[in-house]
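Residue numbers in the sequence shown follow the numbering used here, run continuously in steps of one, and reach 313 at the last position. Here a beta-carbon is modelled for each residue, glycine too, at the ideal position from N, C-alpha and C. Quick notes on the structure that follows.
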Amino acid sequence: MLNDLFDPAVAIRVSGHETFPLRLLWLKKAFDAACGPDGIDRRTFHEQSAIATFGVGRNMALSMRHWALATKILEDGATHLKASDLGRTIFSDGSGLDPYLEHPSTLWLMHANLVSEPYVATTFYYAFNVLNQIAFTREDLVKAMASIVDARATAKATPETLKRDVEVFVRSYTPRHADSGEDAAEPLLVELGLLRELRSTGQLEFVRGQKPSLEDSIFALVLKRFWERHHAVSPTISVEQAQYGAGSPGRVFKLDEDSLVARLMAIGDATGGKMVWTDTAGLRQVALNGSLGDIDDFGLIRDGYRVRRAA
3 MLNDLFDPAV AIRVSGHETF PLRLLWLKKA FDAACGPDGI DRRTFHEQSA IATFGVGRNM
63 ALSMRHWALA TKILEDGATH LKASDLGRTI FSDGSGLDPY LEHPSTLWLM HANLVSEPYV
123 ATTFYYAFNV LNQIAFTRED LVKAMASIVD ARATAKATPE TLKRDVEVFV RSYTPRHADS
183 GEDAAEPLLV ELGLLRELRS TGQLEFVRGQ KPSLEDSIFA LVLKRFWERH HAVSPTISVE
243 QAQYGAGSPG RVFKLDEDSL VARLMAIGDA TGGKMVWTDT AGLRQVALNG SLGDIDDFGL
303 IRDGYRVRRA A
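Printed below as a string of structure tokens:
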């Protein structure tokens, strides 16, 4: 539901990143530290020894932990962090699909994991899935997030916390200005080209369109997950639901309608006929040929790495 963020029962998160956007090698470093059979002690990222372990300061190590959990590369336990099945599939040395994040499918997967559910990175979720303005400002996002926090009697976040969270969101997706004074490394998700900032006005706007580096199978995975979360009992998904629903591929990937329909028309090939496009009497939709459980998430992920494309 578009308004689920204003339901106090829905968990939210607006901190944990220590004001650092996700950087290129962080997920691999976090995975390597936790990929053993017993994982890694949860305190490892908090300790001063994190400088030696990860090659970054303590605050950056905490940010690394935050992003590895948010992107579902690591799983949190009572005492230890462990590499997830997704993490092993992508980052394992030798057998991983993309250990050093050289394939755009990894970026699209990490992005989708960040923005598809409200409790992971709430500002990210809100901006991609609830915000309807064509152009917006940082202040617009801060005000919206303040309203979401205020709807929860137990949630606490200062205006400064919300400003920092919004700034991390913006820096995660927009290219740095040459005179920004930041280090040379662009945040990981900038390469996707999803958000731009108009320097003359300070306004932000999403970049809608085809997304040529997005594989059909990764699109199909996000459609399947959206279907499971929001329409699990329905045998069909309409174009409008796939375009505008919170967590839908249209929202997550910022596809325009023509691009979305082109993807939906190819959904049968991407899913081996388990989802099929139908257009009868003007009713355009995708229908299940079987059940959602018949579609293998990891099969779709692996298919997303068959062809190398530039992001």
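Beta-bridge annotation (DSSP): W279 is paired with V288. Taken through DSSP and simplified to helix, strand or coil, F255 comes out as coil. By DSSP's assignment, S240 forms a beta bridge with Q287. In the structure shown, D43 adopts extended strand secondary structure according to DSSP, grouped into three states. Inclusion of D167 and V16 in the CB contact set at 8 Å is warranted, their separation being smaller than that value. In the DSSP assignment, R198 forms a beta bridge with E207. By the C-beta density criterion, Y128 is buried, having at least 16 other C-beta atoms within 10 angstroms. Counting the other CB atoms within 10 Å of its CB gives Y175 a total of 16 or more, which places it among the buried residues. Sixteen is the threshold: since fewer than 16 other Cβ atoms of the shown chains lie within 10 Å of the Cβ of G275, the residue is exposed. When DSSP states are grouped into helix, strand and coil, L294 belongs to the helix group. Rounded to whole angstroms, T238 and E20 show a C-alpha spacing of 42 Å. Counting of Cβ neighbours within 10 angstroms places P120 among the buried residues, the total reaching 16 or more. Around the beta carbon of G41, 16 or more other beta carbons sit within 10 angstroms, so the residue counts as buried. By a beta-carbon distance limit of 8 Å, Q243 contacts H233. Their separation comes to about 7 Å.
For V117 against F126, the beta-carbon gap comes to about 5 Å, under 8 Å, which counts as contact. At the C-beta level, L197 and L206 come within 8 Å of one another. In the DSSP assignment, E77 is bridged to K84.
In this structure, I14 sits away from L24, with a CB-CB distance that is not shorter than 8 Å.
For G247, no alpha helix (DSSP H) segment is defined, and its DSSP state is neither H nor E.
No Cβ-Cβ contact shorter than 8 Å links T81 with R140. About 7 Å separates the beta carbon of R210 from that of L257, a gap short enough to meet the 8 Å contact definition. For L109 against L194, the beta-carbon gap comes to about 6 Å, under 8 Å, which counts as contact.
Each of A268, M66, P214, L26 was checked against the Cα of A289, and the nearest Cα belongs to A268. A36 is positioned such that its CB atom lies closer than 8 Å to that of L83.
The Cβ atoms of A222 and L302 lie closer than 8 Å to each other.
A54 has no beta-bridge partner at all, per DSSP.
S94 is positioned such that its CB atom lies no closer than 8 Å to that of G306. Annotated three-state conformation of F138 is strand, per DSSP. In this structure, D100 is the residue among D78, D100, Q50 with its C-alpha nearest to the C-alpha of R308. Boundaries of the alpha helix (DSSP H) around H68: 60–72. Going by C-alpha positions, A159 is about 21 Å away from M62.
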